[in-house]
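Note sheet for the following structure.
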Amino acid sequence: MANQWYPLASVEETAVGRVHRTRLFGEPIAYAKDTAGTLTAWRCTGSQQPGSDPSTALPVIARYGYIWATIGTPDGDIFPIPEYGEADRRNVAAGTIGVQVSAQRAVENFLDMGHFPFVHTGILGQEPHTEVKEYNVAVSQDGREILATECLFYQPMASTVSTSGADVEYTYRVPHPTCSVLYKSSPLDEKRLDVIAIFCQPTGHETLRGHMMLSILDDVNTDDFIRNFQLHIFGQDKPILENQFPKRLPLEPRAETPIRADKTSIVYRRWLSQHGVTYGVIPASEQVNTP
Amino acid sequence: MIRLFDFDLSGNCYKVRLLLAFLGLEYEKTNIDYYPGRQHRTDAFLRINPLGQLPVIEDGDYRLRDAQAILVYLAHKYDHGGNWYPTDNPDLIGEISQWLAFADQLTTTASAARLESAMFFELDGDAARAGAHKLFRILDAHLWFREDAGADWICSADEPTIADIACFPYVALSEEGGVSREDYPAIRRWLDRVKRIPGFCVMPGVFPAGPAV
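Chains as they are written, first to last, in the working numbering: chain A, 1 to 291; chain B, 292 to 504.
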């Protein structure tokens, strides 16, 4: 997990010429953007001014509107989102929200359609349309990515340009232990898909910064309206996430009782186990089973 | 038509939306991207409110800032029943004003804690949380004695007043700033009573109450 890239902040929202502080895996990290737009990041050591010791520099790149860094040695670039490069899309870094729960809990919530009618009432779901229909989940051949397809759900206001409720088809990707990308039918063009991603920065075992990115077809609304729509939804998720217990994601299959709608979550937990993830989770071997 | 300069995740803007909903008033919203856009610090908004704070309302040519002041104005002008802000009783006006000032202190404590932990404002979160607990203890004891006297609301009136609206949002959102309400049972009961007032509306982070038992 340490050898992955993690998001730190929106490139645009990062003030020029200032050292910003955050955390990654509990460690204090600093990052900065200079007048030329060059990004730097460092591990903070003791009371030293960040950056004064060149050996503390961390690899850093900009992708999808965010600054990404790593404390390890990544074996490549960040996972691709090819749609981001399409000329007519609105690419919006929708904001960063702090949540007091493990990053994997947030990813799992992002993958769950069952909560839409109850938490995002009138927007992403509406009673009595509560059924999560059968859908497909698979891990890619190289084991790098989870893919959930043919997820159908009735949504009263699926996007910023929706004018009425519709059955919406979702595809979810989990290409990273703490990031997920979803694709949903665009109300503007039935052949194309809107892209919404959550990039989670595990600041601690039980805390995260959730960075949201949209790459959507919307020729009407301003960026701040699109941001506001996404913050509204994330604001509704936040108290639900913070009331989850335990705050780390349990990987032991019997720790929590899944239902059919949780198929993606079951595969996600197994996939994290197989990749030996121990940060922000309760590994299966450590789970205490109470009778 | 009334215009509200609004930010969706702001508890102070939510106060105004709540009263407008209780009064059944139509209004238009102008979204100010307070976070992450920090539009409240732009020249354009500072011309509307030099303090750079939300909310602001415009009612015709009249412009007013400050959540508590807006509640007083709207209730006095549009609540024809007069229950939200009764003006015929000096004691009650004094009491309401006292709790409106208390609501302002909730903004500098419970709200500040939430801005620090959810939106990374550079504020002293621990001091804000300690301050919020101090206020919550006072409010909880006050509400407990009110309940003991058979009363439901913050001020000495049979109906809720704008003091209940002003204190509600940052108490209801406190857990987002790491301020637990576990130790304040009278506050928790009062929050549910506010949620059951006809016309109540939610915001992200605030859920409706279940049916009364």
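Ideal Cβ placement from N, Cα and C applies to all residues, glycine included.
Test: residue i CB closer than 8 Å to a CB of chain B
i, result
"F153 of chain A", "no"
"P202 of chain A", "no"
"G17 of chain A", "no"
"H232 of chain A", "yes"
"I71 of chain A", "no"
"G276 of chain A", "no"
"D224 of chain A", "yes"
"S159 of chain A", "no"
"S162 of chain A", "no"
"R227 of chain A", "yes"
"E13 of chain A", "yes"
"P291 of chain A", "Legend: pLDDT at P291 of chain A = 46, less than 50; position of this residue unreliable, value from coordinates given subsequently. Chain B contact via Cβ: absent."
"P239 of chain A", "yes"
"G235 of chain A", "yes"
"E127 of chain A", "no"
"S180 of chain A", "no"
"S285 of chain A", "no"
"S140 of chain A", "no"
"S273 of chain A", "no"
"T40 of chain A", "no"
C-beta contact flag for residue i and residue j at 8 Å
i, j, result
"P258 of chain A", "F25 of chain A", "no"
"L362 of chain B", "I453 of chain B", "yes"
"I478 of chain B", "F427 of chain B", "yes"
"A403 of chain B", "A392 of chain B", "no"
"V168 of chain A", "F153 of chain A", "yes"
"I29 of chain A", "C44 of chain A", "yes"
"G95 of chain A", "R227 of chain A", "yes"
"I81 of chain A", "Y31 of chain A", "no"
"G235 of chain A", "P460 of chain B", "no"
"L434 of chain B", "A463 of chain B", "no"
"S180 of chain A", "A197 of chain A", "yes"
"D299 of chain B", "L345 of chain B", "no"
"A103 of chain A", "T178 of chain A", "yes"
"A9 of chain A", "I71 of chain A", "no"
"P187 of chain A", "S162 of chain A", "yes"
"T160 of chain A", "F79 of chain A", "no"
"Q244 of chain A", "V137 of chain A", "no"
"M212 of chain A", "Y64 of chain A", "no"
Option in the options with minimal Cα separation from residue i
i, options, result
"P476 of chain B", "B:L430, B:L397, B:E467 and B:P499", "B:L430"
"I348 of chain B", "B:A335, B:T333, B:Y364 and B:V485", "B:Y364"
"D306 of chain A", "B:P327, B:G302, B:R484 and B:E317", "Nothing about residue 306 of chain A can be read from this structure; chain A reaches only from 1 to 291."
"I387 of chain B", "B:D455, B:G468 and B:F298", "B:D455"
"E438 of chain B", "B:R484, B:H424, B:A394 and B:E473", "B:R484"
"E242 of chain A", "B:E467, B:P499 and B:V497", "B:E467"
"H115 of chain A", "A:S285, A:E131, A:Q104 and A:P7", "A:E131"
"D352 of chain B", "B:E450, B:S301, B:M292 and B:F436", "B:M292"
"P246 of chain A", "A:A15, A:P283, A:R260 and A:G210", "A:P283"
"G416 of chain B", "B:G385, B:G441, B:P451 and B:S465", "B:S465"
"R329 of chain B", "B:G343, B:G372 and B:A366", "B:G343"
"T149 of chain A", "A:A2, A:P156 and A:K133", "A:K133"
"G204 of chain A", "A:R90, A:K184, A:R248 and A:D219", "A:R248"
"Y262 of chain A", "A:P74, A:M113, A:R63 and A:A255", "With the sequence shown as reference, residue 262 of chain A is identified as Asp, and Tyr is not the correct amino acid for it. Checked all of A:P74, A:M113, A:R63 and A:A255; the closest Cα to D262 of chain A is A:M113."
"T40 of chain A", "A:G122, A:R18 and A:A138", "A:R18"
"P377 of chain B", "B:P451, B:H331 and B:A457", "B:P451"
"L217 of chain A", "A:P59, A:N91 and A:K238", "A:N91"
"K184 of chain A", "A:H232, A:V220, A:V137 and A:L124", "A:L124"
"E27 of chain A", "A:Q230, A:A158, A:L208 and A:V101", "A:L208"
"R294 of chain B", "B:D334, B:I339 and B:V470", "B:I339"
"D520 of chain B", "B:A366, B:T400, B:S447 and B:S408", "Beyond the ends of chain B as shown, which are 292 and 504, falls residue 520 of chain B; an answer cannot be given."
"A394 of chain B", "B:E413, B:L414, B:K306 and B:I323", "B:K306"
Proximity test, Cβ basis, 8 Å: residue i and chain A
i, result
"Q344 of chain B", "no"
"C304 of chain B", "no"
"S408 of chain B", "yes"
"F436 of chain B", "no"
"P495 of chain B", "yes"
"D275 of chain B", "No answer is possible for residue 275 of chain B: it lies beyond the span of chain B, which begins at 292 and ends at 504."
"N322 of chain B", "yes"
Subject >> Every unbroken alpha helix (DSSP H) within the region 444 to 487 of chain B, with a cutoff of 4 residues, ordered by chain >> reply: Qualifying alpha helix (DSSP H) stretches, in chain order: 453 to 463 and 476 to 486.
Original post:
Of all the residues that make up the region 204 to 222 of chain A, which are near chain B by a beta-carbon distance shorter than 7 Å?
Top reply: For the region 204 to 222 of chain A, the set of residues with a beta-carbon nearer than 7 Å to any beta-carbon of chain B is empty.
Original post:
Between the region 453 to 477 of chain B and chain A, which residues of the former have CB atoms less than 8 Å from a CB of the latter, in chain order?
Top reply: E466, E467 and G469
Original post:
Going along the region 324 to 355 of chain B in order, which residues come within less than 8 Å of chain A, judged by CB to CB distance?
Top reply: D324, Y326, P327, G328 and Q330
Original post:
Quick one, which residues of the region 76 to 110 of chain A are near chain B if we go by CB-CB under 9 Å, in chain order?
Top reply: A93, A94, G95, T96, I97, G98, V99 and Q100
Original post:
Fully enclosed by the region 213 to 273 of chain A, which alpha helix (DSSP H) runs are 4 residues long or longer?
Top reply: 223 to 242
Subject >> Cβ-based contacts, 9 Å cut-off: residues of the region 43 to 67 of chain A near chain B >> reply: Of all residues in the region 43 to 67 of chain A, none has a Cβ within less than 9 Å of some Cβ in chain B.
Subject >> Every unbroken alpha helix (DSSP H) inside the region 16 to 85 of chain A [4 residues or more] >> reply: none
**OP:** Identify each residue in the region 409 to 431 of chain B for which the Cβ-Cβ distance to at least one residue of chain A is less than 9 Å, and report them in chain order.
**Re:** If the cut-off is 9 Å between Cβ atoms, the region 409 to 431 of chain B has A409, M410 and F411 near chain A.
**OP:** Check distances from the C-beta atoms of the region 375 to 390 of chain B to those of chain A and list, in chain order, the residues that come in under 8 Å.
**Re:** none
Original post:
Going along the chain, which residues of the region 239 to 261 of chain A sit with their C-beta nearer than 7 Å to a C-beta in chain B?
Top reply: Per Cβ criterion, the list reads P239 and E242.
Subject >> Interfacial residues, the region 171 to 197 of chain A to chain B, with Cβ spacing under 8 Å >> reply: none
**OP:** Would you list, in sequence order, the uninterrupted alpha helix (DSSP H) runs of no fewer than 4 residues that lie entirely inside the region 355 to 426 of chain B?
**Re:** Unbroken alpha helix (DSSP H) runs of no fewer than 4 residues, entirely contained in the region 355 to 426 of chain B, are found at 358 to 369, 381 to 397 and 403 to 410, following chain order.
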